[in-house]
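Number of protein chains: 2
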Amino acid sequence: MSIPDLTEESEFASGALYKRVALLGVGLINGSLAWGILRHGLADEVVGYSRSQGSVDRALELGFISEGSTDAAEIVKDADLVVIGTPVGASGEMAALIAANLKPGSTLTDVGSVKSAVVRDVGPHVPEGVHFIPGHPVAGTENSGPDAGFAELFEDHWCILTPPPGTDQTAVDRLAALWQRLNSKVEFMDAKHHDLVLAVTSHLPHLIAYNIVGTANDMEEVTRSEVIKYAGGGFHDFTRIAASDPTMWRDVFLNNKEAVLEMLGRFSEDLTALQRAIRWGDGDILFDLFTRTRKIRREVVAAGQAEVPKPPED
Amino acid sequence: MSIPDLTEESEFASGALYKRVALLGVGLINGSLAWGILRHGLADEVVGYSRSQGSVDRALELGFISEGSTDAAEIVKDADLVVIGTPVGASGEMAALIAANLKPGSTLTDVGSVKSAVVRDVGPHVPEGVHFIPGHPVAGTENSGPDAGFAELFEDHWCILTPPPGTDQTAVDRLAALWQRLNSKVEFMDAKHHDLVLAVTSHLPHLIAYNIVGTANDMEEVTRSEVIKYAGGGFHDFTRIAASDPTMWRDVFLNNKEAVLEMLGRFSEDLTALQRAIRWGDGDILFDLFTRTRKIRREVVAAGQAEVPKPPED
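As given, the protein sequences belong to chains Y and V, one line each in that order.
All the letters of the first sequence, read from the start, carry residue numbers 1 to 314 under this note's numbering.
All the letters of the second sequence, read from the start, carry residue numbers 315 to 628 under this note's numbering.
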């Protein structure tokens, strides 16, 4: 599937792409999406659902949605684009709730970090005539909730779309244009391959970070206050990742089980080899690895993927 | 051991603390130390050694040392403070080289990330009348070499000193004052306890980061360019740590073997439990851990230890 050309001739290069966008969930990702859509004029109106009335109220107060509801089936009526932004484990149930009210010709997408499980759980509920295009913007911060979003979150980051074979090309082009006009870089991928790539670049790192922060917290000989105090030695980077939304990440691991367990097996195997090198004082093995990994950092920096997105300062 | 009071009455609160400071090694830490000493007027002159003539020349060119040499024994003559800033594994050899030329009454310190091994390797070479006070500024970046240093590196970060029992109190107070006047926070600790604390907050995180970056690089199903491209999902944080100086970190692991292996054992045990929870779909175990770790992040941020030190922009 090719990436749409957003030259001036493209019908998607300027103006609104959708009339009404309905966001299911008003947290970090959907909130940022709303701010971006509003800033770039990509839709006439953005409305939102949350199961929590407090979050709906807060999103309305912040102003990134113009209508809000705790009734998902209600809010999707008449929407041209519906974005499921709930934790991955809840997306099937969400799809079942809204299916009957989805407008023919509209597009249903999501922003979950796992794609095969979303295809499995959401797919069967999608009515004939509705374009289902799973998506995953690869960007985030450790903050969550309606206050966490900001328009720049996706800039220079990738958004992976995994449209099933046979998906309507115009619907795909339109959705891809939305992400591109948020200054995101769009890539197409098979859902299964997405899950494997992300298991390496995102899911395993998060699991490891959660684990090490847990291990440090459980030490008897080193107090918790010492761990906090000397976090500047490297630990602090892990605490940032390990502060990510617990519900979202629980669902990621439960819904990308196979790929995560595969990566985890490789990671543990490699770690055991390092452990052995340390025990036997084999400095060459350590030095060689540390030299290889340094090169990868240079490539990550060169690719512009080294920075954690930060909200603009007031 | 108490932290010196730097009120106006203290003799160390203003003016130069040392006449001549000799730095053995002119990389990130010693370079930053030199810049800080010069900025805050903490010594009359700073001189430096490197085994590489190129590094000596570069340090002289940058201007953070006023004299340089590839002869360590030569450069320490007449110095009031000598700072070993070579990788930990080389510190014993360095001490043997310079011992005969250390000035009576001078202070010998180091900036290594491991302290018991430094006490073990350097201690026996220290002549009578020279004050040996091992130290460890807990701050760093992934950059190395003479160009990597900057005066602000230590600001708001801790510097741990591990003077052996019976060390001259005035010498300790003077060295502690040096770090405090670099806006570092000073703490005293037993060398063995230091090594355990740092194994948790720094050594294990680095080892894990090196390992995961290595594992990702070795994947067959996911290409290296995909890993680089989607690093924004969490992996990028690990690449930063895994870009730290290979020689320095090899030496850290080989010289803090016992504590690192102990931490690694606990980490692997905990990771196996997480792996089992994922395999059996036990979301509660995951959710509980992720909720606990999020709290720790808040404490790290509150303690001001969440930021990676960055050189000021030009």
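Note that CB positions come from ideal geometry on N, CA and C, so glycine has one too.
Just so it is clear, the structure is predicted and the values come from calculations on it, not from any experiment.
Margin query: So that I know if they touch, is there some Cβ in chain Y lying closer than 8 Å to that of residue 600 of chain V?
Written below: yes
task = Enumerate, from N- to C-terminal direction, the unbroken alpha helix (DSSP H) stretches of 4 or more residues contained entirely within the segment 30 to 71 of chain Y.
result = 53 to 62
Review point. Taking the alpha helix (DSSP H) that residue 179 of chain Y falls in, what are its first and last residues?
Key: 169 to 181
Quiz item: Measuring CB to CB, does residue 355 of chain V end up less than 8 Å from residue 463 of chain V?
Solution: no
Proximity below 8 Å, CB of residue 565 of chain V to CB of residue 403 of chain V
yes
Counting only Cβ-Cβ distances shorter than 7 Å, please list the residues of the segment 203 to 227 of chain Y near chain V, keeping chain order.
204, 205, 206, 207, 208, 210, 211, 212, 213, 214, 215, 216, 217, 219, 221, 222, 226, 227
Taking the CB atoms as reference points, tell me whether residue 68 of chain Y and residue 82 of chain Y lie closer together than 8 Å. no
Check your understanding: From the beta carbon of residue 305 of chain Y, is the nearest beta carbon of chain V less than 8 Å away?
Key -> yes
Quick check on DSSP: helix, strand or coil for residue 17 of chain Y?
coil
| Is residue 438 of chain V close to chain Y, meaning its C-beta is less than 8 Å from at least one C-beta of that chain? | no
Along the alpha helix (DSSP H) that carries residue 261 of chain Y, what are the first and last residues, could you check? 257 to 279
- One or two residues paired with residue 499 of chain V in a DSSP bridge: V:472
Can you give me the start and stop residues for the beta strand (DSSP E) that residue 451 of chain V sits inside?
-> 449 to 451
key: Rounded C-alpha distance that separates residue 13 of chain Y from residue 173 of chain Y   = 11 Å
Is the separation between the beta-carbon of residue 547 of chain V and that of residue 184 of chain Y shorter than 8 Å? no
- Does the beta-carbon of residue 543 of chain V have 16 or more other beta-carbons within 10 angstroms, so that it is buried, or is it exposed? buried
Contact list for the segment 127 to 142 of chain Y against chain V, Cβ threshold 8 Å: 138, 139, 140, 142
Worksheet item: Between the C-alpha atoms of residue 137 of chain Y and residue 177 of chain Y, what's the straight-line distance to the nearest angstrom?
Response: 13 Å
Original post:
Whose C-beta lies closer than 7 Å to the C-beta of residue 401 of chain V among residues of the same chain, with five residues either side of it excluded?
Top reply: 561, 562, 565
- Message: Using a Cβ-Cβ cutoff of less than 6 Å, which residues in the same chain neighbour residue 468 of chain V once the five nearest sequence positions on both sides are dropped?
- Response: 451, 453, 496, 498
*chain V contact for residue 114 of chain Y (CB, 8 Å cutoff)*: no
Chain-ordered chain Y contacts of residue 301 of chain V [CB-CB under 7 Å]: Since the first and last residues shown for chain V are 315 and 628, residue 301 of chain V lies out of range.
**Q.** Buried versus exposed call for residue 135 of chain Y [16 or more other C-beta atoms within 10 Å across all chains shown]
**A.** buried
Three-way DSSP call (helix, strand, coil) for residue 536 of chain V in this model = coil
Subject >> Partner residues on chain Y for residue 564 of chain V, Cβ-Cβ distance less than 7 Å >> reply: 283, 286, 287, 290
Q) What separation, rounded to the nearest whole angstrom, lies between the Cα atoms of residue 215 of chain Y and residue 280 of chain Y? A) 24 Å
Report, in whole angstroms, the separation of the C-beta atoms of residue 557 of chain V and residue 456 of chain V, which I expect to be a contact under 8 Å. 4 Å
Go to residue 551 of chain V, then tell me how far its alpha helix (DSSP H) extends in each direction, as first and last residue. 549 to 555
*Would you verify that the beta carbon of residue 557 of chain V is, or is not, closer than 8 Å to some beta carbon of chain Y?*
yes
#### Entry: Residue-chain proximity (residue 278 of chain Y, chain V), Cβ-Cβ < 8 Å
yes
Compute the distance between the beta-carbons of residue 283 of chain Y and residue 151 of chain Y, then report whether it is under 8 Å.
-> no
query = Thinking C-beta only, is residue 409 of chain V closer than 8 Å to residue 444 of chain V?
reply = no
**Asked** Can you find a C-beta in chain Y that's less than 8 Å from the C-beta of residue 575 of chain V?
**Response** yes
Would you list the one or two residues that DSSP bridges to residue 90 of chain Y? Bridge partners of residue 90 of chain Y: none, in fact.
message = What would DSSP say about residue 290 of chain Y, mapped onto helix, strand or coil?
response = helix
_Between which residues of its own chain and residue 255 of chain Y is the CB-CB distance below 7 Å, once the five residues before and five after are set aside?_
88, 89, 114, 117
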